[in-house]
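Student: In this text, residue positions in the sequence shown follow the numbering used here: the first is 184, and each later residue adds one. Below are the C-alpha cells for one structure; questions will follow.
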Amino acid sequence: MNIPRKGAKRDPDALPSPRQLQRRAVDLLREARRIHKSKAKRVDPEAANAVAEKIATVDKLLPSRKNKIELDGPAMNRATMALDQALSAHFGKWRKSSLRELVEALGMAVLLAAVIRLFFVEAFSIPSSSMYPTLEIGDHLFISKIRYGVYAPLSTKRIIAWDEPSHGDVIVFEYQAPGQALDGEDFIKRVVAIEGDRIRLENDVLILNGKPVQTEVVAETTCELFTGKDYDDTVASTCPCVIQRETIGSASWTTQHITTPGCSPGTVEPSEVWPLEYRPVARYYGSRDTNPDWPDVVVPAGHVFVMGDNRDNSQDGRFWGFVPYDRIKGKAFVIWLARDWSRLLNGMY
C-alpha cells in the first residue's frame, strides 16, 4: 500500500472518505427533503419529480440498519453531485448560502446561551473576602439556577419549587434593603441555619438547636485583611488567625477566625432591615473582635440564615437578618476561573 508523503498534494479526482461521503449524503438529503416538501408546488412538476427521483437514489444508496448494505463510494459520489446540481438548478433560491448558515448557527448559539443563562446556570464573580478561605477576591464561579426549582426569567421568583437550601449550601441571593442603594445587589454567603432552626453564637462557637456545631481547628496561621472595597485585594493588615472546619450533618466547610483582640476590620452600623423581633442586641454593633456573643433566634418559615466563612470580616445575617426563599438566585457549585490554578473546578464545600 502506498502511503502519501507528508505535504504531498491530494489527487483532486480522489473520492472523499466513506465517512465524509455518508455525512455529506445525510446533510444533503435533509436539506433536499425540507425544500422539496415546502416548495415543490412552486416549481415545474417535471423539475420537482426529477429532484424527488434523485432524493430517492441517494436514500437507496445510503447504508442503514434497515438495508444493511455497504457504501458504494463512486455511486454515492455521483448521486449526491447529481442531487446537489438539481437542487441548485430548480430550487436554488431557497437554498441556504454559507453566510446564512453561519448567521443561523450564531443565532442559535446566542439563543442557547441565553436560555442556559436564564434558566440553568449563571456566572458570578467574588468581589470581597467575606467567604475566605473558601472563595477569594476575583474568583469566578457558576451557580445552579435549577437546584431549588424553576425561576421566572430575570427574577428570583420560583415558578416551580422542588427543594430548599440545606446546611452548608453556598447561595447567591439578592440583598434585601428596601429603599437603600444595595437593595437587589447580589450577595454570596453560606447557609448555616434553615427554617425552624434555633441558632446563637457563643464564644465564637455556633450553637445550633442547643448543640455546638462540630468544629475542628485545621491550622493556626496569619490571615490577610483587605480594604473592604469591591475587587480590591490590597492588604490592609495581617492578623493571627485559625482555620477551622465546621460540620453539620454530612456538610462540612472551612472558616477563618481572627484570634487577637484589636486586630479586626472595625465596626458595623446596625441595620434597620432586620425585623425588630429578630434584630440582634445593640452590643453586637461595637467591636467585632473574635465574633462577640449573639442571642438566640429562630429562623422563620420560608427563610435561611447565612454567614460568611470569613467570620470576622463578613457582613451577613448577623447584621441584616434572614434571607427569604424568593430572594435566592441559586446554589454555587464550582469555581471555573481563579488566580490560583490549583483551585480551579473546586466545589463549594
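Just so it is clear, CB atoms sit at the ideal spot from N, CA and C, and this is done for glycine as well. As the structure is a prediction and not an experimental result, all values here were calculated from the model.
With a Cβ-Cβ cutoff of 7 Å, do Ile252 and Pro246 count as a contact?
Tutor: In this structure, Pro246 lies closer than 7 Å to Ile252 by Cβ.
Student: Does DSSP classify Ala157 as helix, strand or coil?
Tutor: For the chain, the structure presents residues 184 to 532; residue 157 sits outside this window and is missing.
Student: Measure the alpha-carbon distance for Pro228 versus Val209 and round it to whole angstroms.
Tutor: Each residue's alpha carbon lies about 25 Å from the other.
Student: Ordered along the chain, which non-local residues of its own chain (more than five positions away) have a Cβ less than 7 Å from that of Asp267?
Tutor: Leu211.
Student: Let me know if Glu399 comes out buried or exposed under the rule of 16 or more other beta-carbons within 10 Å of its beta-carbon.
Tutor: Exposed, since its Cβ has fewer than 16 Cβ neighbours within 10 Å.
Student: Three-state secondary structure (DSSP) at Leu408?
Tutor: Residue state, collapsed to three classes: strand.
Student: Given a cut-off of 7 Å on the beta-carbon distance, is the pair Thr233 and Leu270 in contact?
Tutor: The question names Thr, but residue 233 is Ala in the sequence shown. For Ala233 and Leu270, no; Cβs fall outside 7 Å.
Student: Could you please give me the residues that DSSP links to Asp369 through a beta bridge?
Tutor: BP columns for Asp369 point to Glu357.
Student: Are the beta-carbon atoms of Val517 and Phe325 separated by less than 7 Å?
Tutor: Taking 7 Å as the Cβ cut-off, Val517 and Phe325 qualify as a contacting pair.
Student: Since Val481 and Phe505 should fall inside the 8 Å C-beta cutoff, what is the C-beta to C-beta distance between them, to a whole number of angstroms?
Tutor: So it is not a contact: roughly 10 Å between Cβ atoms.
Student: How would you call Arg401, buried or exposed, if buried means at least 16 neighbouring beta carbons within 10 angstroms?
Tutor: Note that residue 401 is Val in the sequence shown, not Arg. By the 10 Å Cβ count, Val401 comes out exposed.
Student: May I ask which residues mark the beginning and end of the beta strand (DSSP E) holding Gly332?
Tutor: Start and end: 332-334.
Student: Taking the alpha carbon of Ala440 as the point to measure from, which residue in Arg207, Leu301, Pro423, Lys243 has its own alpha carbon closest?
Tutor: Looking at the sequence itself, residue 440 is His, so the reference to Ala does not match. If we check each option's Cα against that of His440, Pro423 comes out closest.
Student: Could you spell out the range, first to last residue, of the beta strand (DSSP E) harbouring His440?
Tutor: Residues 434-441.
Student: Taking the C-alpha atoms as reference points, what is the distance between Arg462 and Asp479?
Tutor: Residue placement at Arg462 cannot be trusted, given a pLDDT of 48 that sits under 50; the coordinates are not used to answer.
Student: Would you tell me roughly how many angstroms separate the C-alpha atoms of Ser313 and Thr437, rounded to the nearest one?
Tutor: So the alpha carbons of these two residues sit roughly 13 Å apart.
Student: Counting along the chain, where does the beta strand (DSSP E) carrying Pro423 start and finish?
Tutor: Unbroken beta strand (DSSP E) run through Pro423: 418-431.
Student: At which residue ranges does the region 223-265 contain complete alpha helix (DSSP H) runs of 4 or more residues, listed in the order of the chain?
Tutor: For the region 223-265, whole alpha helix (DSSP H) runs of length 4 or above, ordered along the chain, are 228-244.
Student: I need the boundaries of the beta strand (DSSP E) containing Trp503, first residue and last residue.
Tutor: Element bounds for Trp503: not the beta strand (DSSP E) but the alpha helix (DSSP H), 500-503.
Student: With DSSP as the reference, label Glu316 as helix, strand or coil.
Tutor: Contrary to the premise, residue 316 reads as Pro rather than Glu in this sequence. In this structure, Pro316 counts as coil in the three-state DSSP scheme.
Student: By the three-class DSSP mapping on this structure, what secondary structure does Glu347 have?
Tutor: It is coil, neither helix nor strand.
Student: Report yes if the CB atom of Glu357 is closer than 7 Å to the CB atom of Arg510, and no otherwise.
Tutor: Going by C-beta atoms, Glu357 is nearer than 7 Å to Arg510.
Student: So Trp277 is in the beta strand (DSSP E); what residue range does that whole segment cover?
Tutor: Per DSSP, Trp277 belongs to no beta strand (DSSP E) and is neither H nor E.
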